Amino acid sequence: MLKKADLIARRAAIAEELATPDLADERVDALNTEYRGLARQIERAEIVEDNERREAGTTIHGGDEKLSTELHKRFSLVRAMAMQANIGGHDFGFEREVQPELLKRAGKVSDGGVLVPSEIFLERRTLTTTTPSGAVGGNLIATELHGEMMFDRLRSAMKVQSLGATVLSNLVGNIDIPGLKDSVTGGWVAEDTALTGSTPGFRKVSLTPKHVGGLTELSRNMLMQTSVDVENLVRNDFAQVLAGLIDKAAINGSGSGAEPTGILNTSGIGSLAMGTNGAAWTADASRDLIGKVDIPDAPNTSRGFLTTNKVKVSASKIKDAQGNYIGFGEAGVWAGERAEFSSNVPSNLTKGSGTGLSAVLYGNWADLLIGYWSAFDFLVNPYESTAYAKGNVSVRAMATCDVAVRYVESFAASKDVVA
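Residues are numbered in the numbering used here as their position in the sequence shown, beginning at 1, plus a constant of 1075.
Structural data, given as structure tokens:
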């Protein structure tokens, strides 16, 4: 089978030939037939590509790959902040040079802040601490940059990402992802009997830009540094702040106002009730929740549980009839499925007279879509009153993203677990 790029090139060649004057009718008919066939092949190739990415739970990047590589290698968050705060000791020519391109990618007009590409968070650093002979403690930290092993620092801290959520990066404008809702109806018929006609139904999943941000304060001395370790520290700080907020929204976003709709508030996902006032989690409950996703034939490409650390502790104490802990294996609490635990999952839910209840989610996490719109917006304010008095600078970070569930059948949850 030809590659998608070859199919597209052939289709373009046909279109060019069809524009030739006085083309014979037989040739026109042949070209039209081939053109329609190519269109179907390209559509199938796109479906295969999308399924492969989704099943792997990988990041889908958009934009200029060459530019992304350059931004990843050269853009410095510390230099960008120093540039806006007018702090000397840095050569921030590159950071200034790429601002017009980042504005173009983000589809916005500058508000006085500095746009920072998401590519800077695609970096893995290996920190090695060595203790010299006779030394009281480690006093040398060597840092190695492994660009060939880069991964998304911002989103790797998220539990939903580690479970396999599909991430779309460098988006532009609102995104609609079409999908098939109702299949064509089929059936057996006798000879010389007409099939019953049917029309397939279609739907779409939409992602629209929503904004999340945080404020922090950095010392002037820190922004004067050119150390790789300082750069790593600053990036990691913002990564943790923004990643935590996005993770919470993906799990339990209300969907009201500016907040995305999280899995727990997505209409149509499976539901498992534990009791009138809630009840403790059980091994049977795990299997019942799995069944809520199995029965509607949801995909099984990146499945797993996600719940609170409180449930983790209480579930680890479940015993069999002989008083032995049943563990977390195939015959244990989580039926051999992957289980992750996070304080980003709500543990303050209520039901009846029950309070402080936890949620347990199960699903095919590749069907959770997380979309990011190109750049992150940083605004450095060296004159904010509290920071100014200490010689520091106040920094506001904003990210633009959205989350959506591709198939509601792929997720189920219990919201009344006593732990």
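All residues carry an ideal CB built from backbone N, CA and C; glycine is no exception. Since we're looking at a predicted model, the values are computed, not measured.
Tell me, which residues are paired with residue i by DSSP?
i       : result
SER1433 : VAL1492
MET1473 : GLY1288, ASP1452
LYS1497 : There is simply no residue 1497 to check, as the chain begins at 1076 and stops at 1494 in what is shown.
TYR1463 : Answer by DSSP bridge pairing: none, since TYR1463 is not bridged.
GLU1101 : Bridge partners of GLU1101: none, in fact.
ASP1369 : According to DSSP, which records beta bridges pairwise, ASP1369 is partnered with nothing at all.
ASP1251 : SER1281
VAL1480 : LEU1443
GLY1379 : GLY1438
ALA1487 : GLY1345, TYR1437
THR1336 : SER1329
VAL1468 : LEU1293
For the beta strand (DSSP E) holding residue i, just list the boundary residues, first then last.
i       : result
ILE1445 : 1443-1447
ALA1269 : Neither: ALA1269 is in no beta strand (DSSP E) and is coded neither H nor E.
ALA1414 : 1414-1416
VAL1242 : 1241-1243
Please classify residue i as buried or exposed, where buried requires at least 16 other C-beta atoms within 10 Å of its C-beta.
i       : result
PRO1335 : buried
PRO1253 : exposed
THR1475 : buried
ALA1333 : exposed
VAL1435 : buried
THR1383 : buried
GLY1446 : buried
GLU1534 : The structure shown does not extend to residue 1534, since the chain spans only 1076 to 1494, so no value can be given for it.
LYS1367 : buried
PRO1192 : buried
TRP1448 : buried
GLY1222 : Here the model assigns GLY1222 a pLDDT of 37, short of 50, so the residue's position is not dependable and the matter cannot be decided.
ASN1423 : exposed
ARG1310 : buried
LYS1141 : exposed
VAL1264 : exposed
GLU1170 : buried
TYR1482 : buried
ALA1240 : buried
Measure the C-alpha to C-alpha separation of residue i and residue j and round it to an integer number of angstroms.
i       : j       : result
TRP1440 : ASN1327 : 15 angstroms
ALA1487 : PRO1371 : 11 angstroms
ILE1250 : GLU1172 : 29 angstroms
ASP1081 : GLY1379 : 38 angstroms
PHE1403 : SER1329 : 31 angstroms
SER1469 : SER1485 : 42 angstroms
TYR1400 : VAL1480 : 36 angstroms
GLU1118 : ASN1419 : 39 angstroms
ARG1128 : GLY1438 : Confidence is the limiting factor: at ARG1128 the pLDDT is only 47, short of 50, which leaves the residue's position unreliable, though a coordinate-based value still follows. Straight-line Cα distance between these residues: approximately 17 angstroms.
LEU1364 : GLY1261 : 31 angstroms
LEU1190 : TYR1463 : 23 angstroms
GLY1213 : LEU1290 : The predicted model places GLY1213 with a pLDDT of 38, which falls under 50 and marks its position as unreliable, so this point remains unresolved.
GLU1092 : GLU1415 : 57 angstroms
GLY1164 : ALA1314 : 25 angstroms
ARG1111 : ASP1097 : 21 angstroms
ALA1318 : ASP1359 : 33 angstroms
VAL1388 : ASN1161 : 50 angstroms
VAL1103 : ILE1089 : 10 angstroms
ALA1087 : LEU1243 : 28 angstroms
LYS1285 : ASN1245 : 14 angstroms
ASN1340 : THR1095 : 56 angstroms
GLN1159 : GLY1188 : 8 angstroms
ASP1395 : TRP1409 : 14 angstroms
PHE1226 : ASP1267 : Low confidence applies here, because PHE1226 scores a pLDDT of 39, under 50, leaving its location unreliable; read the following figure in that light. Each residue's alpha carbon lies about 60 angstroms from the other.
ILE1344 : LEU1381 : 15 angstroms
LEU1152 : LEU1308 : 10 angstroms
THR1144 : PHE1167 : 18 angstroms
LYS1392 : SER1361 : 15 angstroms
ASP1465 : ALA1157 : Looking at the sequence shown, residue 1465 is not Asp but Lys. Answer to the nearest angstrom: the Cα atoms are 17 angstroms apart.
ALA1355 : LYS1490 : 11 angstroms
PHE1453 : ASN1467 : 16 angstroms
VAL1495 : PHE1451 : The chain is shown only over 1076 to 1494; residue 1495 falls outside these bounds and no answer can be derived.
LEU1106 : SER1281 : 36 angstroms
Please list the terminal residues of the continuous alpha helix (DSSP H) segment that includes residue i.
i       : result
GLY1168 : 1168-1172
VAL1386 : 1384-1390
ALA1155 : 1152-1160
VAL1189 : VAL1189 -> not in any alpha helix (DSSP H); beta strand (DSSP E) instead, spanning 1189-1192.
SER1329 : Where SER1329 is concerned, there is no enclosing alpha helix (DSSP H), given that its DSSP letter is neither H nor E.
ASN1352 : Segment: none, ASN1352 is in no alpha helix (DSSP H) and carries neither H nor E.
LEU1298 : 1295-1299
GLN1397 : From DSSP, GLN1397 is part of no alpha helix (DSSP H); its letter is neither H nor E.
SER1342 : From DSSP, SER1342 is part of no alpha helix (DSSP H); its letter is neither H nor E.
VAL1235 : 1234-1237
Could you confirm whether any beta carbon from chain C is found closer than 8 angstroms to the beta carbon of residue i?
i       : result
SER1329 : No chain C is part of this structure, which consists of one protein chain only.
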